[in-house]
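Using the numbering used here, the first residue of the sequence shown is number 71, and each one after it goes up by one.
Backbone N, C-alpha and C define an ideal beta-carbon position, used for all residues, glycine too.
Remember, it's a predicted structure, so these values are computed and weren't measured experimentally.
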Amino acid sequence: MSLDRRRLAWLAAGGTLAAATPGWLRAGGTPRPGELVEGSELPAREASWYKKLDGNKVECQLCPQGCKVADMERGTCGARENRGGTYYTLVHSLACSLHADPIEKKPFFHVLPGELALSFATAGCNVECKFCQNWEISQFRPEQVQSYWLPPESLVEMAKRSGSKLTAATYSEPVVFWEYVRDVATAAKAAGLRPTIVSNGFIQEQPLRDVLPLLDAVKVDLKAFTEDFYQEQVRGKLEPVLKTLEIIRGAGLWLEIVVLLVPTLNDSEDEVRRLSAWVKEHLGPEVPLHFTRFHPTYRLTNLPPTPVETLERAWRAATAEGLRFVYLGNVPGHAAESTHCPGCGEVVIRRMGFRILDNLLKDGHCPKCQRAIPGVWA
Numbered sequence: 071m072s073l074d075r076r077r078l079a080w081l082a083a084g085g086t087l088a089a090a091t092p093g094w095l096r097a098g099g100t101p102r103p104g105e106l107v108e109g110s111e112l113p114a115r116e117a118s119w120y121k122k123l124d125g126n127k128v129e130c131q132l133c134p135q136g137c138k139v140a141d142m143e144r145g146t147c148g149a150r151e152n153r154g155g156t157y158y159t160l161v162h163s164l165a166c167s168l169h170a171d172p173i174e175k176k177p178f179f180h181v182l183p184g185e186l187a188l189s190f191a192t193a194g195c196n197v198e199c200k201f202c203q204n205w206e207i208s209q210f211r212p213e214q215v216q217s218y219w220l221p222p223e224s225l226v227e228m229a230k231r232s233g234s235k236l237t238a239a240t241y242s243e244p245v246v247f248w249e250y251v252r253d254v255a256t257a258a259k260a261a262g263l264r265p266t267i268v269s270n271g272f273i274q275e276q277p278l279r280d281v282l283p284l285l286d287a288v289k290v291d292l293k294a295f296t297e298d299f300y301q302e303q304v305r306g307k308l309e310p311v312l313k314t315l316e317i318i319r320g321a322g323l324w325l326e327i328v329v330l331l332v333p334t335l336n337d338s339e340d341e342v343r344r345l346s347a348w349v350k351e352h353l354g355p356e357v358p359l360h361f362t363r364f365h366p367t368y369r370l371t372n373l374p375p376t377p378v379e380t381l382e383r384a385w386r387a388a389t390a391e392g393l394r395f396v397y398l399g400n401v402p403g404h405a406a407e408s409t410h411c412p413g414c415g416e417v418v419i420r421r422m423g424f425r426i427l428d429n430l431l432k433d434g435h436c437p438k439c440q441r442a443i444p445g446v447w448a
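Here it is as C-alpha cells:
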C-alpha cells in the first residue's frame with residue numbers, strides 16, 4: 071500500500087500526519103499520534119511471550135519458529151529484539167499500512183456484509199512466502215519501512231471516524247505484532263467495534279488462546295496441504311497451522327479459510343480433495359473455504375496466473391467433499407463469489423468483487439426456505 075494512499079486514508083478519517091521530530095527518543099519523548107517514525111529510533115516495549123535463558127539469551131514463545139535470540143540480535147521476523155536478556159517488540163503502535171477496506175476484501179464473506187474494516191499492519195513476518203503480495207512490508211524490518219505512531223486508542227478512534235464497524239489486523243502478519251493486536255482488540259471491543267485478524271495461523275498455542283477471546287472473527291491463509299510446500303515455498307510448517315485452525319474452531323470463534331491456488335505447486339485435485347475432507351472432518355462442513363487466484367509476484371514471477379478452470383475444478387472438488395460454502399476469489403463477476411443457501415440453492419448474498427449487490431438474508435436466514443446461514447450478521 072503506497073504512502074499516498076495511507077495519507078488519504080488517514081486524512082479522510084479526520085487525522086493528521088506529522089513529520090518526526092529528530093531525536094525524540096533520545097530526548098525521552100513519545101511520538102504524537104500520526105507522527106512519522108523512521109530510521110533506527112524505534113519505540114520498544116517488552117514482549118509478552120518469551121522465556122529468559124542463560125547468558126542474556128531469550129527464547130521467543132510466540133510462533134513455531136521458536137527463535138533463540140542472543141543479546142542485541144533479533145528473531146526471524148525482524149520485529150523483536152533481545153536487549154540485555156529482555157525481549158522487545160519493535161512494532162507496537164507502528165502502523166505502516168492503514169486503510170478502511172470492505173470486509174469482503176479480507177475476505178470475510180459471512181461477517182457483516184458490506185461493512186468497512188479499518189485494516190492495519192506493521193512491518194515484518196514470521197515466514198517468507200515466495201508469492202507474498204505484500205512483501206514490501208512483510209519482508210522488511212520496521213526501520214526499513216515508513217511507519218506512523220498509532221496507539222490502539224487512536225486507531226479505534228480513527229476507525230469510528232471512517233465509519234468502520236470492524237478492525238482488521240492484516241496485510242503483513244498479525245502474529246508478528248501480536249501485542250498490538252491484543253491491545254487494539256481490547257480498545258475496539260470497548261468502543262463497540264468488531265476486532266478481526268487475517269493470519270497465516272503460524273502461532274504457538276498459548277499466545278493464540280490468550281488473544282482469541284478478544285476477537286470476533288479470524289481468517290486463516292492455509293497455504294497448501296503438504297509439508298513440502300510449506301518448507302519450500304513458505305519457510306514454515308503445516309502441522310502448527312492445522313492445530314491453530316482446530317483451536318479457533320473449538321473456541322467457537324467465526325473462522326474462514328483461504329487457499330491461494332498456485333499453478334503446479336498446490337492446485338492438484340487430489341490435494342484439494344484431501345484439504346477439503348480435512349476441513350469437513352476437523353472443522354465442520356459450514357466453515358467457508360475460499361480458493362483464490364494466484365498472480366505472479368515477488369519470487370514467483372515465472373508462473374502464470376491460476377486458470378479459472380483450475381479454480382472451478384477446486385470448487386467442484388471441495389463441494390463434492392461436502393463443504394457447504396465454497397468460494398472463488400480474484401475472479402470478479404464469477405457466480406462462486408456469491409453465497410447460496412445450502413438447503414434450497416437460493417442466492418442469499420450476491421457479490422461482484424468486493425461489492426455487495428444484494429443481501430437477501432432475513433435475520434441470518436434464507437428468505438426462501440428459512441434455513442439459518444452461519445456467520446456474524448449483526
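Does DSSP put residue i in a helix, in a strand, or in coil?
{"i": "Gly125", "result": "helix"}
{"i": "Tyr250", "result": "helix"}
{"i": "Thr389", "result": "helix"}
{"i": "His352", "result": "helix"}
{"i": "Arg319", "result": "helix"}
{"i": "Ser408", "result": "coil"}
{"i": "Val215", "result": "coil"}
{"i": "Tyr300", "result": "helix"}
{"i": "Asp280", "result": "helix"}
{"i": "Pro265", "result": "strand"}
{"i": "Arg102", "result": "coil"}
{"i": "Val245", "result": "helix"}
{"i": "Lys438", "result": "coil"}
{"i": "Leu112", "result": "coil"}
{"i": "Leu164", "result": "strand"}
{"i": "Val139", "result": "strand"}
{"i": "Val311", "result": "helix"}
{"i": "Lys432", "result": "strand"}
State the start and end residues of the unbroken alpha helix (DSSP H) segment that holds residue i.
{"i": "Val41", "result": "With the chain running from 71 to 448 in the structure shown, residue 41 is simply not present."}
{"i": "Glu206", "result": "205–208"}
Just the C-alpha distance for residue i and residue j, rounded to the nearest angstrom, thanks.
{"i": "Glu105", "j": "Leu393", "result": "47 Å"}
{"i": "Gln274", "j": "Pro265", "result": "20 Å"}
{"i": "Cys439", "j": "Arg319", "result": "27 Å"}
{"i": "Lys121", "j": "Arg144", "result": "14 Å"}
{"i": "Trp94", "j": "Glu111", "result": "For Trp94, the pLDDT reaches just 39, beneath the cut-off of 50, and the residue's location in the model is therefore unreliable, leaving the point undetermined."}
{"i": "Val161", "j": "Gln203", "result": "20 Å"}
{"i": "Asp291", "j": "Ile327", "result": "6 Å"}
{"i": "Glu151", "j": "Cys166", "result": "19 Å"}
{"i": "Lys127", "j": "Trp119", "result": "14 Å"}
{"i": "Thr156", "j": "Glu116", "result": "7 Å"}
{"i": "Ala260", "j": "Lys289", "result": "22 Å"}
{"i": "Ala388", "j": "Ser346", "result": "5 Å"}
{"i": "Leu427", "j": "Gly445", "result": "18 Å"}
{"i": "Glu379", "j": "Pro333", "result": "11 Å"}
{"i": "Val418", "j": "Tyr158", "result": "47 Å"}
{"i": "Ser234", "j": "Leu164", "result": "20 Å"}
{"i": "Met422", "j": "Ser232", "result": "23 Å"}
{"i": "Pro402", "j": "Gly154", "result": "52 Å"}
{"i": "Cys411", "j": "Val396", "result": "12 Å"}
{"i": "Thr192", "j": "Cys414", "result": "43 Å"}
{"i": "Glu185", "j": "Leu168", "result": "16 Å"}
{"i": "Pro374", "j": "Gly125", "result": "49 Å"}
Tell me the residue span of the beta strand (DSSP E) that contains residue i.
{"i": "Asp452", "result": "What the structure shows of the chain is the stretch from 71 to 448, and residue 452 is not part of that stretch, so it cannot be assessed."}
{"i": "Phe395", "result": "Per DSSP, Phe395 belongs to no beta strand (DSSP E) and is neither H nor E."}
{"i": "Lys289", "result": "287–291"}
{"i": "Phe190", "result": "186–191"}
{"i": "Asn152", "result": "150–153"}
{"i": "Ala239", "result": "236–239"}
{"i": "Glu428", "result": "The sequence shown places Asp at residue 428, rather than the Glu named in the question. Counting along the chain, the beta strand (DSSP E) containing Asp428 begins and ends at 425–429."}
{"i": "Arg420", "result": "417–422"}
{"i": "Thr376", "result": "Counting along the chain, Thr376 falls outside any beta strand (DSSP E), and DSSP gives it neither H nor E."}
{"i": "Thr146", "result": "Looking at the DSSP string, Thr146 is not in any beta strand (DSSP E), and its letter there is neither H nor E."}
Would you say the region 135–154 touches the region 262–270, given that touching needs at least three Cβ pairs under 8 Å?
no
Counting Cβ pairs closer than 8 Å, one from the region 205–221 and one from the region 173–182, do we hit at least three?
no
Where in the region 325–373 do unbroken runs of the alpha helix (DSSP H), each at least 4 residues long, occur, reported from the N-terminal end onward?
339–352
Contact between the region 304–314 and the region 418–434: three or more CB pairs below 8 Å?
no
Would the region 236–249 count as touching the region 367–374 if we require 3 or more Cβ pairs under 8 Å?
no
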